[in-house]
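K.L.:
My structure is below; once you've seen it, I'll send some questions.
In the UniProt record's numbering, the protein residues as written are 1 to 384.
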């Protein structure tokens, strides 16, 4: 009998602990939802601060006034729910958008960043290890809208062109062009040791190359710019990244990493059966689609490829002048071997993907050139 009484007494603390855990888990769900809302609120404040600072910087040319405007906008719009942390955001200016290099002599771009700002939890702090505060951060970058000639979403390969020829020597609807040369060719027109790859700006690792060829390369360029070549062949990562566009996933690549095109069919068994861009457009319009939307994404096989002036070859890593951007239709997947080549059919010179709809105007009072100010994705942060 005494033993039963002792066992009966255990139930009450067990129930109390169980209720506490359940309340803590429910509170964690609520507070995670709150964290998402606070993150969105903070991002809106940072966006407004960056736009305000960039507008003042554009109008006055004063880095100090641009920074002060950004800080003032941040302070006046930050919700009271944020308690402690970065009371004043980090405000940086740069001459260029990508790469964003803080400082410079004629800054045009402004970044407003908060690494850690706190807000109070509601319920989750009853769980062990979770305090009464949660933290979020964010980043926003703004500056003059890109010129209409600027093209982004490039594929990190380069073909060589003739600066004096129409379309730099490429003919629309012609046969395949080699967009990346293989080892058997001992390099390319770009120079010894180069296989027409461009520097990705994230190192030479396999993940960087795979992601770049799968569509993560976010650099922009225009006629007259220079781009940096990347020596080496790196055939495995090139094929693994590029072939996601055909719904082929090898190595670590998965559909959630990079979507296939809606039309992945190809055929290079003979000239009569070759699947050209015109055939692709017909299937896009009328079907069948190999990967219907939303799984497939139209025009993933259309590549924006920089066309370089290779009259002066580049040995190893070096700079090549950009003549223009060509739109090439990816005709077939890339093979894995050392003689790997990438093939595409020239369609046209790529239209500009700059977002500016307005030409810069001149301020009649100051004589300065004014631009439309827009937000950019921060190339150094996943939070923007």
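We put the beta carbon where it would ideally sit given N, CA and C, even for glycine.
Ends of the alpha helix (DSSP H) at residue 90?
P.N.:
Position 90 of the chain shown holds residue 90. Not the alpha helix (DSSP H): residue 90 falls in the beta strand (DSSP E), residues 90-94.
K.L.:
Which residues bound the alpha helix (DSSP H) around residue 208?
P.N.:
Within the chain shown, the letter at position 208 stands for residue 208. Per DSSP, residue 208 belongs to the alpha helix (DSSP H) from 206-211.
K.L.:
Where does the unbroken alpha helix (DSSP H) through residue 239 begin, and where does it stop?
P.N.:
In the chain shown, the residue the question calls residue 239 occupies position 239. Per DSSP, residue 239 belongs to the alpha helix (DSSP H) from 235-242.
K.L.:
Would you mind stating whether residue 71 and residue 91 have Cβ atoms separated by less than 9 Å?
P.N.:
Residue mapping note: residue 71 aligns to position 71 of the chain shown, counting from 1. Residue mapping note: residue 91 aligns to position 91 of the chain shown, counting from 1. Result yes, Cβ atoms of residue 71 and residue 91 sit closer than 9 Å.
K.L.:
DSSP three-state call for residue 98: helix, strand or coil?
P.N.:
Reading the chain shown from its first residue, position 98 is the one you call residue 98. It is coil, neither helix nor strand.
K.L.:
On the criterion of 16 or more Cβ atoms from any shown chain inside 10 Å, does residue 103 qualify as buried, or is it exposed?
P.N.:
Numbered from 1 along the chain shown, position 103 holds the residue referred to as residue 103. Exposed, because fewer than 16 other Cβ atoms sit within 10 Å of the Cβ of residue 103.
K.L.:
For residue 357, collect the residues of the same chain with a Cβ closer than 6 Å to its Cβ; drop the 5 residues on either side in sequence, then sort them by chain order.
P.N.:
Here residue 357 corresponds to residue number 357 of the chain shown, with the count starting at 1. Note that residue 357 scores 35 on pLDDT, short of 50, meaning its location in the model is unreliable; the coordinates nonetheless yield the value given after this. Setting aside the 5 residues that flank it on each side, residue 357 has no residue in the same chain whose C-beta is closer than 6 Å to its C-beta.
K.L.:
Determine the extent of the alpha helix (DSSP H) in which residue 285 is found, giving its start and end residues.
P.N.:
Here residue 285 is taken as the residue at index 285 of the chain shown, counted from 1. Here the alpha helix (DSSP H) through residue 285 covers 277-286.
K.L.:
Report the residue from 312, 287, 285, 326 whose alpha carbon sits nearest the alpha carbon of residue 302.
P.N.:
For the purposes of this step, residue 302 is identified with residue 302 of the chain shown, where counting begins at 1. Residue 302 has its Cα closest to that of 326, out of 312, 287, 285, 326.
K.L.:
To the nearest angstrom, report how far apart residue 463 and residue 265 are at their CA atoms.
P.N.:
The first residue shown for the chain is 1 and the last is 384, placing residue 463 beyond what the model contains.
K.L.:
DSSP three-state call for residue 363: helix, strand or coil?
P.N.:
Reading the chain shown from its first residue, position 363 is the one you call residue 363. Its pLDDT being 44, under 50, residue 363 is placed unreliably by the model, and nothing is read from it.
K.L.:
Over the uninterrupted beta strand (DSSP E) stretch that includes residue 304, give me the two end residues.
P.N.:
In the chain shown, counting from the first residue as 1, residue 304 sits at position 304. It spans 302-309 - the beta strand (DSSP E) in which residue 304 sits, taken as one unbroken run.
K.L.:
Does DSSP classify residue 139 as helix, strand or coil?
P.N.:
On the chain shown, residue 139 is found 139 positions in, with the first residue counted as 1. Residue state, collapsed to three classes: strand.
K.L.:
Could you check what DSSP says for residue 254 in three-state terms: helix, strand or coil?
P.N.:
Translated into positions along the chain shown, residue 254 becomes position 254. Residue 254 falls in the coil class under three-state DSSP.
K.L.:
Do residue 229 and residue 179 have their C-beta atoms closer together than 9 Å?
P.N.:
The residue labelled residue 229 in the question sits at position 229 within the chain shown. The residue labelled residue 179 in the question sits at position 179 within the chain shown. No, the Cβ-Cβ distance between residue 229 and residue 179 is not below 9 Å.
K.L.:
Measure the CB-CB distance between residue 319 and residue 235 and report whether it falls below 9 Å.
P.N.:
As a first step, residue 319 must be located in the chain shown, where it is residue number 319. As a first step, residue 235 must be located in the chain shown, where it is residue number 235. In this structure, residue 235 does not lie closer than 9 Å to residue 319 by Cβ.
K.L.:
Which partner residues of residue 319 appear in the DSSP bridge assignment?
P.N.:
Your numbering for residue 319 matches position 319 in the chain shown. 228.
K.L.:
State the DSSP-derived secondary structure class of residue 71, mapped to helix, strand or coil.
P.N.:
By one-based count along the chain shown, residue 71 stands at place 71. Correct three-state label for residue 71: helix.
K.L.:
Using only alpha-carbon positions, find the residue among 43, 240, 39 that is nearest to residue 251.
P.N.:
For the purposes of this step, residue 251 is taken as the residue at position 251 of the chain shown. It is 240 whose Cα lies nearest to the Cα of residue 251.
K.L.:
Starting from the Cα of residue 375, find the closest Cα among 329, 145, 152 and give me that residue.
P.N.:
Taking the chain shown and counting its residues from 1, the one referred to as residue 375 is at position 375. Measuring from the Cα of residue 375, the nearest candidate turns out to be 145.
K.L.:
Nearest by alpha-carbon distance to residue 135: which of 324, 114, 378 is it?
P.N.:
Against the chain shown, residue 135 aligns to sequence position 135. Nearest option by C-alpha distance: 114.
K.L.:
Considering just the uninterrupted stretch of the beta strand (DSSP E) at residue 178, what are its terminal residues?
P.N.:
Working through the chain shown from its first residue, we reach residue 178 at position 178. Looking at the DSSP string, the run of the beta strand (DSSP E) that includes residue 178 is 177-180.
K.L.:
Between the alpha carbons of residue 190 and residue 67, how many angstroms are there, rounded?
P.N.:
Position 190 of the chain shown, counted from the first residue, corresponds to residue 190. Position 67 of the chain shown, counted from the first residue, corresponds to residue 67. Approximately 43 Å, taken between the alpha carbons.
K.L.:
Mark residue 373 as exposed unless 16 or more other C-beta atoms lie within 10 angstroms of its C-beta, in which case mark it buried.
P.N.:
The residue you call residue 373 lines up with position 373 of the chain shown. Buried, because 16 or more other Cβ atoms sit within 10 Å of the Cβ of residue 373.
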